[in-house]
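Novice: This is the structure I have questions about; it appears just below.
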Amino acid sequence: MTQRGRATRSTGRPRDAAGPRGPRDTTGPRGGGDLAARRTRLRAVIEPVVNDAGYDLEDLSVSRAGRRHVVRVIVDTDGGIDLDAVADVSRAVSAALDAAEEASGDILAGEYQLEVSSPGVDRPLTLPRHWRRNVGRLVKVTVRGAVALPGQRGEQPSGDRQLTGRVVGADDETVQLETDAGRDSWAYAQLGPGRVQVEFTRLAELGEPDDEIDDADDSDEIDDSDDIDDEDDVEDEER
Numbered sequence: 001m002t003q004r005g006r007a008t009r010s011t012g013r014p015r016d017a018a019g020p021r022g023p024r025d026t027t028g029p030r031g032g033g034d035l036a037a038r039r040t041r042l043r044a045v046i047e048p049v050v051n052d053a054g055y056d057l058e059d060l061s062v063s064r065a066g067r068r069h070v071v072r073v074i075v076d077t078d079g080g081i082d083l084d085a086v087a088d089v090s091r092a093v094s095a096a097l098d099a100a101e102e103a104s105g106d107i108l109a110g111e112y113q114l115e116v117s118s119p120g121v122d123r124p125l126t127l128p129r130h131w132r133r134n135v136g137r138l139v140k141v142t143v144r145g146a147v148a149l150p151g152q153r154g155e156q157p158s159g160d161r162q163l164t165g166r167v168v169g170a171d172d173e174t175v176q177l178e179t180d181a182g183r184d185s186w187a188y189a190q191l192g193p194g195r196v197q198v199e200f201t202r203l204a205e206l207g208e209p210d211d212e213i214d215d216a217d218d219s220d221e222i223d224d225s226d227d228i229d230d231e232d233d234v235e236d237e238e239r
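In the numbering used here, the protein residues as written are 1 to 239.
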């Protein structure tokens, strides 16, 4: 089943169980080093694996949860990605990270948790492919006032305003939105990040499953890892 809700696979990577490693980087607070630099190194390893599998790497973040790093990887493709595909990507990414660390030493000092997931409906629409993958959905977006708006025809542009409309088409340059005022095409430069609006009535009419909504109880989550340390604070997050 493909979906626009979130599918997640979480894998623990304890160092002690993974065999010998190269030299550890113990610089920085708590031996964590520079998370921004580590994120760059992680992307260099992870992005080619995701692309080779036929998906787009939508986001990569590194944070700390207790004594463990958490590496969150979000992938997507046209038509959505199902839980089986997420699991396949998770295994491929995990193997690539192991190989990279065997060759060059630890990318992240200490244990880490790898979480691979598809985007939830709360992910902002910032790229043309995001809009294309949400054709048919109701979206709220900010129209920037620094550019002329449809229908103004030479008038002074107004300030930023909120627009809610259904995505009826999207290409590399523009998106078409159907609003109460009709259908208009907008250049992406005119728009801020779009936000998909959950339509409970529409979901019921279409007969779509509840897991379309990115909810903790309906996220199709698999967690085969060791328990993360029970600390409430997540710090030093770098996106």
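All residues carry an ideal CB built from backbone N, CA and C; glycine is no exception. Please read all numbers here as calculations on a predicted model, not as lab measurements.
Can you give the beta carbon distance from residue 193 to residue 125, rounded, assuming they're within the 8 angstroms contact cut?
Specialist: 6 angstroms between Cβ atoms; contact.
Novice: Going by beta-carbon coordinates alone, are residue 132 and residue 171 separated by less than 9 angstroms?
Specialist: Yes, the Cβ-Cβ distance between residue 132 and residue 171 is below 9 angstroms.
Novice: Let's see if you can read the secondary structure: which residues bound the alpha helix (DSSP H) around residue 35?
Specialist: That run of the alpha helix (DSSP H) goes 35-52.
Novice: So which of 37, 65, 127 and 118 has the shortest CA-CA distance to residue 110?
Specialist: Answer by Cα proximity: 65.
Novice: The beta strand (DSSP E) with residue 76 in it runs from where to where?
Specialist: Where residue 76 is concerned, the enclosing beta strand (DSSP E) stretches over 68-76.
Novice: My understanding is that residue 241 touches residue 60, with C-beta atoms under 8 angstroms, so please give their C-beta distance in whole angstroms.
Specialist: The structure shown does not extend to residue 241, since the chain spans only 1 to 239, so no value can be given for it.
Novice: Within 10 Å of its beta-carbon, does residue 161 have 16 or more other beta-carbons around it, so buried, or fewer, so exposed?
Specialist: So residue 161 counts as exposed.
Novice: Could you please give the first and the last residue of the uninterrupted alpha helix (DSSP H) stretch that includes residue 102?
Specialist: Start and end: 83-104.
Novice: Mapping DSSP to helix, strand and coil, what is residue 55?
Specialist: Three-state DSSP puts residue 55 in coil, outside helix and strand.
Novice: Along the chain, where does the alpha helix (DSSP H) containing residue 132 start, and where does it finish?
Specialist: Unbroken alpha helix (DSSP H) run through residue 132: 128-132.
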